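Some notes on the structure that comes next.
Protein chains: 4
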Amino acid sequence: MDMKVELIAYTPEPEATVAAAARLCYSSRGAVGLKEALTDAEAASLIKRLISMGHLSPTEHASFTFAIEGVSRALSHQLVRHRIASYSQKSQRYVDENNFSYIVPPSIAAQPDALELYRKAMEELREAYRKLAGVVPREDARYLLPNAAETKLVCTMNARSLYNFFRLRCCRRAQWEIRELALKMREEVRRVAPVLFALAGPSCETEGICWEGEFSCGRAREVRSRGVAADGGDDLGA
Amino acid sequence: MDMKVELIAYTPEPEATVAAAARLCYSSRGAVGLKEALTDAEAASLIKRLISMGHLSPTEHASFTFAIEGVSRALSHQLVRHRIASYSQKSQRYVDENNFSYIVPPSIAAQPDALELYRKAMEELREAYRKLAGVVPREDARYLLPNAAETKLVCTMNARSLYNFFRLRCCRRAQWEIRELALKMREEVRRVAPVLFALAGPSCETEGICWEGEFSCGRAREVRSRGVAADGGDDLGA
Amino acid sequence: MDMKVELIAYTPEPEATVAAAARLCYSSRGAVGLKEALTDAEAASLIKRLISMGHLSPTEHASFTFAIEGVSRALSHQLVRHRIASYSQKSQRYVDENNFSYIVPPSIAAQPDALELYRKAMEELREAYRKLAGVVPREDARYLLPNAAETKLVCTMNARSLYNFFRLRCCRRAQWEIRELALKMREEVRRVAPVLFALAGPSCETEGICWEGEFSCGRAREVRSRGVAADGGDDLGA
Amino acid sequence: MDMKVELIAYTPEPEATVAAAARLCYSSRGAVGLKEALTDAEAASLIKRLISMGHLSPTEHASFTFAIEGVSRALSHQLVRHRIASYSQKSQRYVDENNFSYIVPPSIAAQPDALELYRKAMEELREAYRKLAGVVPREDARYLLPNAAETKLVCTMNARSLYNFFRLRCCRRAQWEIRELALKMREEVRRVAPVLFALAGPSCETEGICWEGEFSCGRAREVRSRGVAADGGDDLGA
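Laid out in structure tokens, this is it:
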């Protein structure tokens, strides 16, 4: 089951909206009509300045809504810990999970013996679930379901919350599945708001700084030696 | 100075977005493509059901951004107490307020003597501000500025937060200026999401219940006698 | 594995603290010293009034921290959806789960065949986990772990957030495990702040109103016929 | 009117509480009893490690409640923009402000002419307020009141939110009044949780980094030359 991430809705003209809000703070011009009064180049330059100074509050005015599927309940349990966000998730209490799909971690997929053991365990869980779901409520049968079970979500975050999310979850030390999600989400939002998200990512990419101490992957050093932000940022192939 | 409220950005197709998120929770269909799969009538019926049962979390996926001007700092201080929201506001620390505009409460406007006293006080404050701003930083001169001083904001709330805002601030017991703002904001969002906001308002309008105890205006009783929600809701003329 | 809930820390004198904050709003007295100036009876009377009028914001000044164990990951995934709260949770990425404990739903415990099937499935998962954890990282082996797997959390909520939590999760229609948790948490806080939490619970108990529509358990009707709030509230034996 | 800040309530043993929550994440020990099992030295060492790695979430379990008076409405309008916090504030709608106190910015106090002008303006506002409050509701008369008018608040923040507050508001570029408040609040919490707040402050103090760009005061450079965190941090005399 492949992870799918689709940006299903977002604030139109996110960069113009953010720039108008930022401009308002320092201007005696009216709020009404301010968005139209900014050129694209002015908006871009204002946004770059905001982000370099860490003045992120105006970026909250742009929101992004993602449809996500092909992810595990292990991932969703981590994801929903980000509290400045809105979630709707497929309920295991109400939806029939007789044929639940599941996620396979790459480390397991790479070892035939491990993979066979994993697939067999999943098959047995499906069977046990079907039997239980016949005699107890679905909401109780689901206690059998594994972290691997596939779930679907709709998730909305504003740009500031996404900045925080990308900073933590695009890091190479993040858990692989949520990192894959974060990289896909970042790709989606960069398509529609390239300036706004140009510098969204872990602090190694954006500032040449790593906070992981002894666990650091060493990338901050590499980035510093090439010049901060000269690096395009990680993708899944990296 | 008249209050102006303009909806400058919002999640496109807010009702379809909310309905798709709600549907996901109870369906084994994919999240991707779900929005397109719903007809307008299905979306409307789902939203009505959600709201009548108080299941408001899917409504968080729709966000609304307002440009607001012609309001007082008395209002903005109250407004920003709503924490599930994003604000950008004209700064009195940086913007020159030599000719600040100001708001006149209707109770003052209605009494010529009071109005004259009020206008004179404002004129004197402007003069004192100009003098002070010449010898101390603007951020200190502004200590003179009155609550009445006009401010401008960009404000973003999601639909759930707006529900809460309209419940509290469209109430006849709310302070007149923030109530005027709430009614204008409600008018704006009802234009683009009529089903979503049909039942947004104080509990007297929506449930025939009043929580104000001895301070109740009596409207809940009226509404109950006519049938809850049969009432179109207050407007400023009411 | 039995559920354990312990209140490990909370704002001292929670009721006096809340009452002092509430009193401040309507008084020209100083904030400093206000707490000491209130008698217990005054604090109690003020709190009752706040809650009956739904003015809950002063109750946010009292926070409560719980140690929770003997609960499932099914529960914790639901719990952390409450966003106005703080959580620390045992990590399955780092902690060895070779001998994971698990929760048994009562509907399964009540049927010997179902229970046997369930216990056997758990035993097989333990074995599969042990094998996998030998050849892949723990954070990947845990994809096998079931929703039933026991977890431990420290959770902090303020009184207002607890009000919302108890309203939703003490309801008879809530999922049984999180309802058990909510009832235990309510018992704990009522011990140290009886006035503050006297009326915390589902709207049937507190207002004689049910929002569940066709799914209502009928309790609101019972409560209304006896008089709202005359009812002591549900416990797990009910 | 002098600013007064008093810590009126806080989570008992804040450092032990935070350390227990942090320890839980990486341990198979029970949550119940964990707090007692940690020595003070272990708690301190764990907290230092958390903070140096930026893992601040366990610090949310400790909350701090302040009574604040002798501050201006200019300050309170800024303060309540911090949304991860709880506030109760003296209401100008209900409280009689006939003899309102007011704050004098130091830049004004330092210039006799400016001060005289300022005091005279305040005197005239008091008089105008008294007249207006006789003929219109208090909530409308208050439109005259200046930003300088004294207000009182009760404010609760958890340690993580305080970290953010101190980072922004202890900075020398912050507005003088809110900076004075932040320094006083920091002094209060350092008294009861010295390890937890040892490194709370602007990024120049804690990391030798400044984000203010061309507006930097130069302190980050000084701190770097002496070694990060060797500096005790600013106080108002600095």
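Protein chains in written order, with numbering that gives the first Met the number 0: chain Y, 0 to 237; chain P, 0 to 237; chain V, 0 to 237; chain D, 0 to 237. Quick reminder that beta carbons are idealized off the backbone N, C-alpha and C, glycines included. Treat the numbers as computed from the prediction; the structure is a model and nothing was measured.
Within the stretch 52-63 of chain P, contact with chain V at the beta-carbon level (separation under 8 Å) is assigned to 52, 53. When DSSP states are grouped into helix, strand and coil, residue 212(Y) belongs to the helix group.
Taking a cut-off of 8 Å on C-beta distances, the stretch 20-36 of chain P does not touch the stretch 122-134 of chain P, as fewer than three cross pairs fall below it. Nearest in C-alpha terms to residue 198(D), of all of 163(D), 171(D), 172(D), 213(D), is 163(D). Chain V places no beta carbon closer than 8 Å to that of residue 134(D), leaving this residue out of the contacts. Within the same chain, Cβ atoms closer than 8 Å to the Cβ of residue 101(D) are found at 0, 71, 121, 145, 147, 148, 149, the five residues on either side in sequence being excluded.
Judged by beta-carbon spacing, residue 180(D) lies beyond the 8 Å limit of residue 46(D), meaning their Cβ atoms are not closer than that value. Rounded to the nearest whole angstrom, the C-alpha separation of residue 131(Y) and residue 138(Y) is 11 Å. Under the Cβ distance rule, residue 146(P) counts among the residues neighbouring chain D, one pair being separated by less than 8 Å. Cα atoms of residue 63(V) and residue 157(P): separation of roughly 28 Å, rounded to the nearest angstrom. CA-CA distance, residue 127(D) to residue 11(V), rounds to 44 Å. Contact between residue 87(D) and residue 152(V) fails: their C-beta atoms lie close to 29 Å from each other, not under 8 Å.
Among the residues facing chain P, residue 95(Y) is included, as its CB has a counterpart in that chain under 8 Å away. The Cβ of residue 78(D) sits no closer than 8 Å to any Cβ of chain P. The beta carbon of residue 205(P) sits closer than 6 Å to the beta carbons of 198 from its chain, once the five residues preceding and following it are set aside; these are given in chain order.
Residue 190(P) is classed as exposed because its beta carbon has fewer than 16 other beta carbons within 10 Å across all chains shown. DSSP places residue 67(D) outside any alpha helix (DSSP H); the residue lies instead in the beta strand (DSSP E), whose first and last residues are 62-71.
Contact annotation: in the stretch 206-217 of chain D, residues whose CB is within less than 9 Å of a CB in chain Y are 206, 208, 210, 211, 212, 214.
Judged by DSSP in its simplified three-state form, residue 89(P) adopts coil rather than helix or strand. Shortest Cα-Cα distance from residue 225(Y) to any of 215(Y), 112(Y), 203(Y) involves 203(Y).
In the DSSP assignment, residue 24(V) forms no beta bridge with any residue. Boundaries of the beta strand (DSSP E) around residue 156(P): 149-157. Scanning 119(D), 112(D), 141(D) for the CA closest to the CA of residue 135(P) turns up 112(D). Contact between residue 21(P) and residue 57(P) holds: their C-beta atoms lie close to 4 Å from each other, under 8 Å. Neighbours of residue 41(D) in chain V, taken as residues at a C-beta separation under 9 Å, are lacking, since the least C-beta distance is about 16 Å. For residue 4(V), the uninterrupted beta strand (DSSP E) run begins and ends at 3-9, by DSSP. In this structure, the straight-line span from the alpha carbon of residue 28(V) to that of residue 159(Y) is close to 40 Å.
When the Cα atoms are used, residue 73(Y) and residue 140(V) turn out to be separated by approximately 11 Å. The Cβ atoms of residue 81(D) and residue 155(V) do not sit closer than 8 Å to each other. Interface flag for residue 185(P) against chain D is unset, since no Cβ pair is found closer than 8 Å.
Take residue 220(Y), set aside five residues on each side of it, and no residue of its chain has a beta-carbon closer than 6 Å to its own. In the DSSP assignment, the residues bridged to residue 101(Y) are 148(Y).
Contact with chain D is found for residue 82(P), since one of that chain's Cβ atoms lies less than 8 Å from the residue's Cβ.
Residues of chain P with a Cβ closer than 7 Å to the Cβ of residue 139(D) are, in chain order, 104, 106, 107. Around the beta carbon of residue 54(V), fewer than 16 other beta carbons lie within 10 angstroms, which makes this residue exposed. Short of 7 Å from the beta carbon of residue 108(D), and not among the five residues preceding or following it, lie these beta carbons of its own chain, in chain order: 114.
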